[in-house]
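I have placed the structure first, in the form of C-alpha cells, so that the comments after it can refer back to it.
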Amino acid sequence: MGLPPQVKVIKGSEKGKLVEATVEGRKKLKPNEVAMRITHSGVCGTDLHHLVHDLVLGHEGVGVVEAVGEQVTKFQLGDRVGFGYVRDGCGECDHCKAGDIYYCDMGARMYGVSDFDQGSFADYATWPDTNLHKIPDNIPSAVAPPFLCAGMTVFTPMRNYGIKPGHRVGIIGIGGLGHIAIQFAAKLGAEVVVFSGSENKRKEAMDLGAKEFWVTKDLADNKKPEKGLDYLLITATKHPDWATFFDLMNPFGDVILLGLTTEDLVIPYFPLMLREISIHGSLSSKPKQIDEMLAFASEHGVRPIVEEFPMTEEGAAQAIDKLVSGTIRYRGVLKA
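Quick note: the sequence shown uses the working numbering, first residue -3, plus one each step.
Here it is in C-alpha cells:
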C-alpha cells in the first residue's frame, strides 16, 4: 500500500510502436489526490492518436485505492474507482465551478495534454479526487473501463437534450459507442431505431434493446421507418447521407454528433430549415454526470461488451490491431 518508487507502463513512441517502460512514481500525494493500483484499462480510438507520442497511454482506468491525500474524504483504501481522459482544471473559473472542467479557462489537464507520466496502461496512477469515480459493486471491473469514456459520451447528451420515454431515437453505428447508446436509450424508455451498414448486427442490436433495425443502403430504395425520429445519434466516424436522414427526422428533431472525425460537416441547408432540425456536438461530461451514468448503468443492467487482453506490450498491441481493423466486439480491455 502507498506510493511505489517505480511504475510499469506502456507508452507510445516516435515510430508508433508500443514500448514497455518504467517511470518514476509520484513521491508524495497532493492533498486532493488518490493513488490507485490499476487492474483494468480500456482501449479507445483516442489512444490511436497518441501511439506516436512519448507518453503513458490509456484514459479509461479502473483499479483499487491504495493511498489518499490528507484532504480526500470521498474515497477510502480498498475502494474500486475509475478515471477518464480529463484530470482536472483550475477549479476557480466559471466553467470549473459549473463542473465543465474540460472547458477550464486556464486549460484543462487531460490525456495527451499534460501529466504524460499518468495513464491507464500502467500498474499505478494518481488522480485528483474531483474527477475520480466509485465503481458500483455490481459492475465488474472487467467491463467498467468503457463507461469512463464511451459510456459518458453517449449518456450525457441523452440527459442534456432530454431523451425521455416514448421518444424515437435513431442510432447510426453499432460499435464501441453505439452498442452502449442502444442500451442506455432503451433503458430510458425510448423507442430505439438502429441503422447499420449490413444485416450482420441485426440480432445483437435487437437483443441490446432496439425496436427497429434498418440497413442503411435500403433507405436509398425509398424504404424507411413509418414513424419519424425525435433524435438521431451519430456514433459512427463516417458521415451519413444527410439528406436521407434529415428526411427521417420529425420537426424540431435533434441530431447529436458523437463520433470523432476530421471530415468537414457539409449538410443540405433547405431540409434542415424546413424541419427546424438542430445539430449538436457533444464531447464532455461533468463529474456528477459520470457518477449519475454509473448509477444508472448499475440499476438498469447496462453493460459494455468487451474483449479482454493482458496488460502487456503484446496484449495492448493485439487490442489496438483489432481496434484498427474494426474487428473488436466492441471495446478492448487490458487486464493487469
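Ideal Cβ placement from N, Cα and C applies to all residues, glycine included.
Since the structure is predicted, the reported quantities are computational estimates derived from the model, not experimental observations.
- Message: Can you find the residues in the same chain that come closer than 7 Å, C-beta to C-beta, to Val68, ignoring five residues on each side of it along the sequence?
- Response: Asn28, Val30 and Asp125
- Query: Got a sec? Which residues, its chain only, sit under 6 Å from Ala146 by beta carbon, not counting five neighbours each side?
  - Reply: Gly172, Leu173 and Ile176
- Item | Best match in Lys213, Arg198 and Thr212 for proximity to Ala206 [C-alpha to C-alpha] | Arg198
- Message: Run through the DSSP bridge pairs and tell me what His175 is partnered with.
- Response: The partner list for His175 (beta bridge, DSSP) is empty, contrary to what the question assumes.
- Query: Using the C-alpha atoms, what's the distance from His276 back to Phe241?
  - Reply: 15 Å
- Query: Which residue comes first and which comes last in the alpha helix (DSSP H) that contains Val320?
  - Reply: Glu309 to Ser321
- From Phe209 to Pro221, what does the alpha carbon distance come to, in whole angstroms? 9 Å
- Query: Do you know how far the Cα of Lys4 is from the Cα of Val15?
  - Reply: 11 Å
- Put Gly38 into one of helix, strand or coil per three-state DSSP. strand
- Drop a sphere of 10 angstroms on the beta-carbon of Met289, count the other beta-carbons inside from all chains shown, and report buried for 16 or more, exposed for fewer. buried
- Between the Cα of Met106 and the Cα atoms of Val61, Gly85, Lys93 and Asp287, which residue gives the shortest distance? Gly85
- Message: In whole angstroms, give me the CA-to-CA distance for His45 and Thr257.
- Response: 12 Å
- Query: Are the beta-carbon atoms belonging to Ser137 and Thr212 less than 8 Å from one another?
  - Reply: no
- Task: On a CA-only basis, which of Gly38, Met154, Leu51 and Met307 is nearest Leu253? Give me that one, please.
- Result: Met154
- Task: Give the DSSP-derived three-state secondary structure of Asn246 in the structure shown.
- Result: strand
- Message: Rounded to whole angstroms, what is the Cα-Cα separation between Cys92 and Tyr99?
- Response: 7 Å
- Task: Please determine, among Gly80, Ala121, Ala118 and Asp119, the residue with the shortest C-alpha to C-alpha distance to Ala104.
- Result: Gly80
- Item | Where His129 falls: helix, strand or coil (DSSP) | strand
- So Ala140 is in the alpha helix (DSSP H); what residue range does that whole segment cover? Careful: Ala140 lies outside any alpha helix (DSSP H) and carries neither H nor E.
- Task: Spatial neighbours of Ser9 within its chain, please: CB distance less than 6 Å, with the 5 preceding and 5 following residues excluded, ordered by chain position.
- Result: Val15
- Message: Per the DSSP calculation, Ile167 is bridged to which residue(s)?
- Response: Val190 and Leu229
- Task: Would you grab the beta carbon distance between Phe180 and Met307 for me? Rounded to a whole angstrom, and I think it's under 8 Å.
- Result: About 28 Å separates the two Cβ atoms, so there is no contact after all.
- Message: Are the CB atoms of Arg76 and Ile131 within a distance shorter than 8 Å?
- Response: yes
- Could you give the residue range of the alpha helix (DSSP H) that holds Phe151? Ala146 to Asn156
- Query: Where do the N-terminal and C-terminal ends of the alpha helix (DSSP H) with Lys199 fall, by residue?
  - Reply: Arg198 to Leu204
- Item | Every unbroken beta strand (DSSP E) inside the region 273 to 305 [3 residues or more] | 274 to 277
- Item | Sequence-distant residues of the same chain with beta carbon closer than 8 Å to Gly249, five excluded per side | Gly224, Leu225, Asp226, Tyr227, Leu228, Arg271, Ile273 and Ser274
- Query: Going by DSSP, which residues form a beta bridge with Ala239?
  - Reply: Looking at the DSSP assignment, Ala239 forms no beta bridge with any residue, so it has no partner.
- Task: Work out the CA separation of Glu187 and Lys364 for me, nearest whole Å.
- Result: Outside the displayed range of the chain (-3 to 332) lies residue 364, so it cannot be described from this structure.
- Message: Which of the three DSSP states is assigned to Asp260 in this structure?
- Response: coil
- Query: Nearest CA to the CA of Thr42: which residue from Ala201, Leu279 and Pro267?
  - Reply: Leu279
- Which word fits Gly335, buried or exposed, when buried means at least 16 other C-beta atoms lie within 10 angstroms of its C-beta? It is not possible to answer for residue 335, since the shown part of the chain is limited to -3 through 332.
- Query: Got a sec, what are the start and stop residues for the beta strand (DSSP E) Arg83 sits in?
  - Reply: Val82 to Asp84
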